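In my numbering, the protein residues as written are 120 to 313. Every residue gets a Cβ at the ideal spot worked out from N, C-alpha and C, and that includes glycine. All figures in this text were calculated on a predicted structure; none of them were measured in a lab. Each remark here refers to the structure printed beneath this line.
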């Protein structure tokens, strides 16, 4: 036989459930860019409104932003056929690359450098696909979408590199045997992803 437990002083199981749910939904976050204290202790006190109270301590260990950005490549050997139509359109170095960084998505004031470490000669050039080349490469999948919406296009104007017409950084292409392509991202960027 099931027997209910009597709640003193007007207490009910539903009230405990509300407080328990509230307790389980308490959160912590840090909005500063550089937290000074990496260990924090939080005290939670519960009192039933009569005589009893209980306390618990919660310790928080802060992991600051310091994970490196990882570049993941599906292939790192590229075939370049001199004089081919594809080579004149630009052979992508990392067409299926992905970035992994668990603690930041901003890259404010960061940079992207592409360097010729060996085998360089006077005819080498490191650059970024033109908008027309980007459209050509998407013709099989979503060229119509790109043509209609001009979406997600990288462009270069003088020394500025733009994402959908929004300046995101300073650009310097790499030429000749010591070619280094440099992109220095702006400190504050607001972009729209289509």
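Among 218, 161, 236, which residue has its Cα nearest to the Cα of residue 188?
The shortest C-alpha separation from residue 188 is found at 218.
Assign residue 147 to one of two classes, buried (16 or more other C-beta atoms within 10 Å of its C-beta) or exposed (fewer than that).
Exposed, by the Cβ-count rule.
From this set, 141, 299, 211, 172, which residue's C-alpha is nearest residue 194's C-alpha?
Minimum Cα distance to residue 194 is reached at 211.
Is DSSP giving residue 207 helix, strand or coil here?
Residue state, collapsed to three classes: helix.
When the Cα atoms are used, what is the spatial distance from residue 163 to residue 180?
A direct Cα-to-Cα measurement between residue 163 and residue 180 gives close to 17 Å.
If you draw a straight line from the C-alpha of residue 137 to the C-alpha of residue 167, how long is it?
For residue 137 and residue 167, the gap between their C-alpha atoms comes out near 13 Å.
Skipping 5 residues on each side, what residues in its chain have a beta carbon closer than 6 Å to that of residue 291?
Hits under 6 Å: 301.
Residues in its own chain within less than 7 Å of residue 200 by CB, not counting five upstream and five downstream?
Beyond the five residues adjoining it in sequence on each side, residue 200 comes within less than 7 Å, by CB distance, of 206 in the same chain, given in chain order.
Quick one: give me the first and last residue of the beta strand (DSSP E) that residue 286 is part of.
Counting along the chain, residue 286 sits inside the beta strand (DSSP E) bounded by residues 285-291.
6 Å CB neighbourhood of residue 286 in its chain, flanking five on each side removed
Cβ neighbours of residue 286 beyond the five flanking positions: 279.
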